[in-house]
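Chemist:
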Amino acid sequence: MNSRNDIQRELELQNSSLPFDVHMPVFDLPQGYFENFAAEVLARIKGTTAATAAEEMEGLSPLLAGLSKKTPYSLPADYFTQNLASGTLREEDSIPGWAAEGRQNPYSVPAGYFSQVSEQVWKAVKPQPAKVISMGSRRWMQYAAAAVLAGALVLGGILYQQKPSAVDPANDPDDWVAHTLDQVSNQELEAFIMSTEVSGNEMAQQKGNTKEVRTVLKDVSSSELDAFLNQLPAETELIN
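The opening residue of the sequence shown carries number 1335 in the numbering used here; numbering runs sequentially from there.
(1) If you draw a straight line from the alpha carbon of GLN1413 to that of LYS1404, how long is it in whole angstroms?
(2) Just verifying my parser: in three-state terms, what is the DSSP assignment at LEU1483?
(3) Look at the alpha carbon of GLN1517 and the alpha carbon of GLU1558, and state the distance between them as a whole number of angstroms.
(4) Would you please state the rounded distance, in angstroms, between the beta carbons of ALA1399 and ALA1388? I believe it to be under 8 Å.
(5) Compare the Cα-Cα distances from ARG1378 to each of GLY1393, LYS1460, ILE1492 and report the closest residue.
(6) Classify THR1570 as buried or exposed, calling it buried when 16 or more other Cβ atoms lie within 10 Å of its own Cβ.
(7) Can you tell me where the alpha helix (DSSP H) with PRO1396 in it begins and where it stops?
(8) Mapping DSSP to helix, strand and coil, what is PHE1371?
(9) Measure the alpha-carbon distance for LEU1401 versus ILE1341 and round it to whole angstroms.
(10) Nearest-angstrom Cα distance between VAL1466 and GLU1453?
(11) What number of angstroms, rounded off, separates the C-alpha of GLN1479 from the C-alpha of GLN1495?
(12) Apart from the five residues just before and just after LEU1409, which ones in its own chain have a Cβ nearer than 7 Å to its Cβ?
(13) Could you compute how far the alpha carbon of ALA1481 sits from the alpha carbon of ILE1492?
(14) Taking the alpha helix (DSSP H) that SER1351 falls in, what are its first and last residues?
(15) Could you give the residue range of the alpha helix (DSSP H) that holds VAL1459?
(16) Give the straight-line distance between the Cα atoms of LEU1376 and PHE1361, rounded to the nearest whole angstrom.
(17) I need the DSSP call for SER1556, collapsed to helix, strand or coil.
(18) I need the DSSP call for ALA1411, collapsed to helix, strand or coil.
(19) Whole angstroms are fine: how far does the CA of TYR1447 sit from the CA of PRO1440?
(20) Distance, Cα to Cα, TRP1488 vs THR1514?
Here it is in structure tokens:
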């Protein structure tokens, strides 16, 4: 009780909203309950060891022991025996005539069927020799294909040799001259140069041109002239 008073006093000091004047229920046990508990359990166990099932049921549940043991369902006397006889008669009446003659296999095989079946199966699955097709009749196709290929190569070579120049002399005279000179040998060019005569007027004109060139190149340094000459094509390139 002191602990309960202490708890109530603590709740009052803290101004708690919990109710502190509630009276808790008090539970108690009979005097000597725990001392006699083992003896009562043992007596109950020994009391259940009845000699018959009826006595055991009476000890466990008097209500169940008082119920009647008669089943709620019942059948007339000789019910199953009479139904078995009547059912057999009905089955015999419903059997068709062909079944009443006896059980006979409706399928049959010829005599010696199974002794000859292996030979028949072997004849059916025996591999047949493959049909040989002669390739001689198709050799002309190879010759025809080779002839077509050779004709295409010859025709392509002829068209390539007879292909006209794609350079127009009216539009690109320099390219046309270069393209034409590529087809002329060096010997032909040298023969043409040697056969061409230079007149006196042309020589005088060349000398006059030389003086004019010197006058123009008077203020040009030697390094600039060397750089310009290095950019010009070589003599062999001009001839070719």
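Here a beta-carbon is modelled for each residue, glycine too, at the ideal position from N, C-alpha and C. Note that the structure is predicted; figures quoted are calculated from it, not measured.
Modeler: The structure says:
(1) A small correction: the amino acid at residue 1413 is Tyr; Gln does not occupy that position in the sequence shown. In a straight line, the C-alpha of TYR1413 is about 19 Å away from that of LYS1404.
(2) helix
(3) 36 Å
(4) 7 Å
(5) GLY1393
(6) With a pLDDT of 44 at THR1570, under the threshold of 50, the modelled position of that residue is not reliable, and no figure is offered here.
(7) 1396-1399
(8) helix
(9) 57 Å
(10) 28 Å
(11) According to the sequence as given, residue 1479 is Ala; it is not Gln. So the two alpha carbons sit approximately 25 Å from each other.
(12) none
(13) 17 Å
(14) Here SER1351 belongs to no alpha helix (DSSP H), and DSSP marks it neither H nor E.
(15) 1447-1459
(16) 26 Å
(17) helix
(18) coil
(19) 17 Å
(20) According to the sequence provided, residue 1488 is Val. The question's Trp does not apply to it. If you take the alpha carbons of VAL1488 and THR1514, they lie about 26 Å apart.
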